[in-house]
Structures are given as structure tokens and as C-alpha cells.
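>
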Amino acid sequence: MQIFSLLLAITLYFLAPNKYDFSLCYIIFFVFLYIAFITLKKESKKGSIVNFSLFFTVSFFFVNFFYPIFIYPFDKYYFPVFSRFYFNEAVITKSTALALVGYCSFSVGTKFFLDKNKTSMGNYASNINVKSNLILQYSYNIILVLSWGVCFLLFFLAKDGILKRSSDAFFEIEPALLVVSQCLINLLIILNFYLKKSFKNFAIAFIYTLVFIYVGDRGSAIQTSLVLLFSYNIFYKKISKTKVTLIFIAGFVGLTLVSSLRSQDGNNKKLNDVQFTHYYDFTMDLIVNNRNLYAGYDYANKNGINYGMSSIPYLFAPVPMLPSFITTNLYGVKPQELSTGSILTNDVNATWGLGTNLIADIYMQFGFLGVIILMFLLGYVVSKLELNRKRKLFVTICYIFISSFSIYMARSSLFDTVRYITWAAIIYYLLFYLFKPFLTKAK
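Read in order, the letters of the sequence shown are residues 1 to 443 in UniProt numbering.
(1) Out of curiosity, what's the CA-to-CA distance linking S231 and F170?
(2) Would you say the region 89-104 touches the region 62-70, given that touching needs at least three Cβ pairs under 8 Å?
(3) Identify whether K76 lies in helix, strand or coil by the three-state DSSP scheme.
(4) Nearest to V91 by CA position, among G370, R84 and Y20, is which residue?
(5) Can you check which of these residues, C398, I28 and I135, is closest to K436 by C-alpha distance?
(6) I need the straight-line Cα distance from K46 to V348, nearest angstrom please.
(7) Check this for me: beta carbons of Y103 and I35, under 9 Å apart or not?
(8) Just how far apart, CA to CA, sit I326 and L385?
(9) Please name the residue in L40, L358 and S107 whose C-alpha comes closest to that of L286.
(10) Output the distance between the C-alpha atoms of F316 and P323, rounded to the nearest integer angstrom.
(11) Rounded to a whole number of angstroms, what is the C-alpha to C-alpha distance between residue 444 and T242?
(12) In the region 159-184, which residue ranges form an unbroken alpha helix (DSSP H) of at least 4 residues, counting only runs that do not cross its ends?
(13) So, is residue 493 buried or exposed, given that buried needs 16 or more other C-beta atoms within 10 angstroms?
(14) Within 10 angstroms of its Cβ, does G109 collect 16 or more other Cβ (buried), or is it exposed?
(15) At what residues does the alpha helix (DSSP H) containing I312 begin and finish?
(16) From the beta carbon of Y208, is the nearest beta carbon of chain B less than 9 Å away?
(17) Hey, I185 and L154 are a contact pair by Cβ (cut 8 Å); roughly how many whole angstroms apart?
(18) Using CA coordinates, which residue listed in T11, I38, F74 and L54 is at the minimum distance from M409?
Next up, the structure:
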């Protein structure tokens, strides 16, 4: 059925007119709902309702399908970004159909691996086999100390912006330091649950999250919260459907408040200045990225694809200064200037970053076939990690890391997770093999 849905989505894409078509958008929307239901039903059977696909699907819906169905026909300029920055309204139907193709391909990717691995997974995450529990205990202690040290260094360097409650507080900080601090916090949370350590050790993780929320920076706060959520669900106790629903509601309200309190000049507003008129205001942070889908699709059709050039800043980011070396020598620009988010921002001369869109990001780099292939691979990799997370601890770590991007990924670049997983691997294995020669293996 998922393969049939992909073929149907491809057909709808080629039949879609170069103008807004309300009826066809509704057909696309209902096909998405159907395939999303099938996908989530199958994914939940792998172990838990709390999985990558659930959060990714909800985010993907608001980032790609909500605006053309529920807002554009009635008040297309409700969110200022749609009136302030030009986008070609004629590509709405076509690009929405492309998003459906991408999601159906993702769904097929998750099914492909499931069909090849129908064996039972046996015991739960607490029985993951690691070579030496004693080495892991020592590694955890080092990570705990490093988390406090690196985070306080980060806060010290950004203290002026933090005290001013500026959303640009961490803008001038070396990106590698931000990535390492996030990786340390994530590893601390995961290992704390796995080793059943005291919840008091989460103090630095909560401080870290609250500081980013305080200055209006949602990315790190969301990532840390999802690592906490997935670790709790895997290692401690499964989260019920009711609690998941409440988490979504609280998350949308919280995310919108943080977003609304942040202004584009880098300063923050007061709480009593924030007003909400419609229910979909609480999903504003995701809905506004519908514009990036249309703008990115239109840009690629007019200027051609760049064959992966925009992925250089992400793929080589784990090696400090390597992206700058490559882009400066090959293209004469800084790495951030090559990202699709920067391209879309500069295309309309916006004074702040407009971000990007997962489907637009892939299409701008690899075209229609790229959307099908890369979204399939995303589904395949996620499914493989999810099914094997009960066998190896590091696979669990990779799965939780990629799941921490499940909400953000739909509105960002596909390869944004590479540097985080790479740095996590470096830290994890460096500490593991550092202690291995000196400690006796635990039986």
C-alpha cells in the first residue's frame, strides 16, 4: 500500500497544474493523512508510540500541508512572512504534491527495512550489550564533568547577550563549541538513564535548556527536551498516548510563546505584548516554513539545482574549519552562504534568516529524483536504527540523536544531524577506548 501511495503521489505531482488548485490540494492532503496513518501504525508496532516517525510526521504536516488547505484559501497573508516576502503562488499545488512524494518515499523506506527484518527483538533497552559496564561508568563521570565545564564556558562567552536576553546571544560563539556542548548534554542524559543514575545529575541539562529558552533560542531547547523524552521512554518507562498528546499541546504552546517573544532585531518582547487570535497561531513556528517550500521549489526551477553544494557546510562540519577551507577555495564564499536557508533569505533581501524546508532543501540540490531517493534513505536509516537500538548502546545513541531532530528536520537541511552524530561518536568512543586498557572488563 505504501508503494502504491508513492506511485499515486508521483502521478498527482505530474498532474498538478502551475496554479493553485484547491480541490487537488485537498486530494493531496487526504492521501497524506492516509499514508501517515499507515506509517505511524506500523512504526508503533516496532516498540512504542514515541518514535521518530510520530514527531516527524506531525511537524511535516504543519510545515508542508497546513497552509495551502486551512489558511491560503481564507486569509493567505495572515502570517506576515507571506506578505512581506514574495513567493510564487502558482507553485503551491505543485510543490505541495512534491512534499507528498517525499513523505510517501520516506514511508516506503521505513517499510522496506521492516519487511526484511521480521524477527523479534527480544529484551528491552535495559539489556543492551556493552563491552564493559565499568568503562561506561567512568566515561559517564567524565562526560558529567565536561558537561558542566563546557556549558559554563559557553555561558561565560555569551554572558553579555544572555544578560540582555538577546536571541543572538550565541550568534558569535564558535559553532564547534555549540555542537560539542549539545552532544555532551545529550550523552549525559542518555547515559544517566541507561546507568540508572540520580536525576540530580540532570541539573546541568535543565540549566542549559532554560538558558536557551530565556534568550529565545528554541533549537537547542527542543533538541535537549526530545533527548530527555526519548531516553525516558526507552530506558525508564513507556509514555502513554494520553501523555504524548499532552506533551504535543504543551510543546506547541511553549514553542509559540518563545517564538513570539523573540523579535527579528535580536531583542525580546514582553509576555503581555504577545497576542493570539486563531488556534493555528500555536503552530506558527512550523506553518511559516510553508513559504520556504514554495520559494525553494520556484528558485530551483528558475536557477537549476546545485548538486549538493548546499550540503558542504553540514557534511564537513565535524572537522573544524574544513567547510570554510573547501567553500572559500572552491566557491569563494563562506560555508553559511551556500546553505539553502541563506540562498532563500538573500533571494528576497530579508534582514533576518528565513530558514529553509526539508523538501525544498533536497529539491534545490538534487531535484525530483533526489527527493525520492534521499527521503527513502531517511526512512530506511531511521527504521534500521530503531529496530537495532536494542542490540547495541551506540545504535541507541544514534537513534536518540536523530530523533532529537524529528521536529526540526522538516524545516531544515537533511544533513544537519551529521555533525552532531559524528561528534557524539568521537566523544563516546574516545572515552571508551581511553579507559579500556586500564580497566577490567565487567562480566
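Where is the CB? At the ideal position from N, CA and C, for every residue including glycine.
Taking the geometry as given:
(1) 27 Å
(2) yes
(3) coil
(4) Y20
(5) I135
(6) 44 Å
(7) yes
(8) 31 Å
(9) L358
(10) 6 Å
(11) With the chain running from 1 to 443 in the structure shown, residue 444 is simply not present.
(12) 159-163
(13) Nothing about residue 493 can be read from this structure; the chain reaches only from 1 to 443.
(14) buried
(15) I312 to L315
(16) Chain labels in this structure do not include chain B; a single protein chain is all it has.
(17) Not a contact, Cβ separation roughly 10 Å.
(18) L54
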